[in-house]
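Worksheet: one structure, shown below.
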């Protein structure tokens, strides 16, 4: 198991090298001079040249790239933001925390509602309940997130005065963004759960359980649900990763200082250290999340345990928990 | 008769979908005595499994319907009792071994838990006690009891079928329905499993309905034999009667299609044609199209079950006196 984890973490190295190389290449081919961007239009050509020299922009790209990687490896230094002059890492980490909390909350909301609705519609398949659940979840999926956001702000902030409309000054500020992202993902969880449940309920081992004299409730929750959760867990893993860096729209609407907005702003400002640092840090976080998700699958599906152990080392068979 | 355990009378089961009605089981009747092993033989689609699922009340919801008939277990009609009462019977009085051991076990539960589940449901005991009994069951079917913590994927096909049998026998059922218990296994394992089933059946005095399309298995295991064709019971009798003196043309044709060690045969005989489409059964004898002994009247009348000798029934026009000559 440990070998498996180490192997997965070592895989990060080529991923990070690849991501950083691509962004470095993009940096050289995209128009716009970061030095000019920082100093503004009133600066003289000499000042700009001086700034370029200071930032190391006059060196060949490969030299810049090696220097950048060296700084990360030896000092954990992702460079300084062109805009603020602050280290990129210290700018990103608090934003990552904010985005992380919102993402986890959103995925939890979406998955819990989605799984419950999915089970209901699988058990009541082809009835009006099933159709109603489908319509509701399709509604939240088809309406754009920012519309849901505006409606939520209308209801909870403007009319009921329960939650703040924008900004994160207290824990309350997290609720609306979470709800908004969560609701729009309900549909996909509902549909995955429904189809997975229907498939599992048709399996032979469900018939075996019935032949034992087991009640339908126990069959649904003890036999079917855990098997049906395998594809759902996979999808939770993917969306955890996707929404950490991809919450730009919601972060903008709710004025949340998150990672997505930070990177998009950095791109428009040609603030390459921030873009690069953001991309790399997100890549690291995503890899770790995927690793945790993969390991947690073992808890759901014991068949994977042998696969993971076998891929890690030729250890003697582990005792089943 | 007081020693009759299960009595199936005039059972008709249909599968109804939007497009068609599949007449899976048509008017079959048979009795099983205590301790008897009945072989239910027939081709794929003859209605064997449907009969079994009908007895257990496990026909696919909304699609499968018992149209008429009765299934009496010790005088109690299983078709008239509530789902709750039926659950008390499943696994306790009647249990079933399914065809494919690869898919019959839940992949995310340990085999010990899966055996203990049925014990917990029917014998009122603690979880620990049930798990202990589950280990006893594993030992009984020839698996090291310590492996109760393993998951199904850690066992081979034959071992899985042993576990399925352990689940089926855990509550000492009065009737065991074994639906092609060895079809999915290779031949050497088949023999082991059959030996084990026969031994356990003798020890526990369980009645068994053995569903198979393998006449050899029937010859080895069964007291009585019922042959199904097109959802009907075309021949029924003791093993000796059906094997030594087959009366129905279908049964005779089946024997001719079995390879024999004593006879030097170049080519086995086949029964020409296909099993009739159960959604479109003829009004007359359903074996007519393929029958080697058919007469001109055979496609005009549907024969009824006739007793050709004491305890030996066949459903063929040639034995119905009123049509003779």
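Protein chains in written order, with this note's numbering: chain Z, 39 to 359; chain C, 3 to 327. Yeah, the Cβ is synthetic: ideal placement off N, Cα and C, and Gly gets one too.
| Check | Outcome |
| --- | --- |
| Anticipated Cβ contact below 8 Å, residue 41/C with residue 171/C, distance rounded | Incorrect: roughly 19 Å between the Cβ atoms, too far for contact. |
| CB contact below 8 Å: residue 241/Z versus chain C | yes |
| Simplified DSSP state of residue 303/C, which is helix, strand or coil | coil |
| Per-residue DSSP class, three states only, for residue 357/Z | Annotation note: pLDDT 42 at residue 357/Z (below 50); position unreliable, coordinate value reported separately. It is coil, neither helix nor strand. |
| Cβ neighbours of residue 327/Z in the same chain (closer than 6 Å, five flanking residues each side left out) | 278 and 279 |
| Touch test, the region 136-144 of chain Z against the region 325-340 of chain Z, Cβ-Cβ under 8 Å, three pairs minimum | no |
| Span separating the alpha-carbon of residue 201/Z from that of residue 169/C | 56 Å |
| Cβ of residue 18/C within 8 Å of any chain Z Cβ | no |
| 8 Å Cβ cutoff, residue 353/Z in contact with chain C | Reliability of the predicted coordinates at residue 353/Z is poor, the pLDDT of 42 falling under 50, and the value obtained from them is presented with this limitation in mind. No, residue 353/Z does not count as interfacial toward chain C. |
| Same chain, Cβ closer than 7 Å to residue 298/Z, neighbours up to 5 away in sequence not counted | 137, 283, 284, 285, 286 and 289 |
| Presumed contact (8 Å Cβ cut-off) between residue 113/C and residue 154/C, rounded CB distance | 6 Å |
| 8 Å Cβ cutoff, residue 136/C in contact with chain B | Annotation note: the requested chain B is absent from the structure, which comprises protein chains Z and C. |
| Contact set between residue 97/Z and chain C, taken where Cβ atoms lie within less than 9 Å | Here the premise fails: no neighbours, minimum Cβ distance about 57 Å. |
| Proximal residues to residue 302/Z (C-beta, below 6 Å), its chain only, five neighbours per side dropped | 286 |
| Within 8 Å, strictly: CB atoms of residue 73/C and residue 57/C | yes |
| Whether residue 303/C touches residue 48/C by CB criterion (8 Å) | no |
| Option in 35/C, 109/C and 33/C with minimal Cα separation from residue 241/Z | 109/C |
| Cα-Cα separation, residue 335/Z to residue 318/Z | 26 Å |
| Backbone secondary structure at residue 106/Z - three-state DSSP | helix |
| Helix, strand or coil at residue 164/C according to DSSP, with G and I counted as helix | helix |
| Minimum Cβ-Cβ distance from residue 164/C to chain Z less than 8 Å | no |
| Distance, residue 257/Z Cα to residue 108/Z Cα | 57 Å |
| Which listed residue (43/C, 318/C and 79/C) has its alpha carbon closest to that of residue 241/C | 43/C |
| Contact list for residue 261/Z against chain C, beta-carbon separation under 7 Å | 108 |
| Start-to-end residues for the alpha helix (DSSP H) that takes in residue 364/Z | The question about residue 364/Z has no answer here: the residues shown for chain Z are numbered 39 through 359. |
| CA nearest to the CA of residue 13/C, picked from 5/C, 25/C, 20/C and 192/C | 25/C |
| As assigned by DSSP and simplified to three states, the class of residue 219/Z | helix |
| Among 339/Z, 81/Z, 342/Z and 314/Z, nearest to residue 125/Z - alpha-carbon criterion | 314/Z |
| Residue 31/C versus residue 79/C - alpha carbon distance | 14 Å |
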